[in-house]
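Numbering (my numbering), first residue to last: 603 to 664. No residue lacks a Cβ here, since even glycine has one placed at the ideal position from N, Cα and C. Values in this document were obtained by computation on a predicted structure and should not be read as measured data.
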């Protein structure tokens, strides 16, 4: 009986480890996508800021 419990615990631990590894892989993929999205948004903010600065500069020159 003790051996059966040890075997069952071993199977459960292996499954738990497998699920945790899958979760970690999924989170790493999500992190990569979020980093890429952040870079795109930062670029858009920079472009928009430059457009605003240029617009303000042209208004002050008039």
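Residue state for residue 623 is assigned as helix, using DSSP reduced to three classes. Annotation: residue 605 to residue 634 spans about 43 angstroms, alpha carbon to alpha carbon. Rounded to the nearest angstrom, the gap between the Cα atoms of residue 628 and residue 637 is 14 angstroms. If you ignore the 5 residues before and after residue 626, its C-beta comes within less than 7 angstroms of no other C-beta in its own chain.
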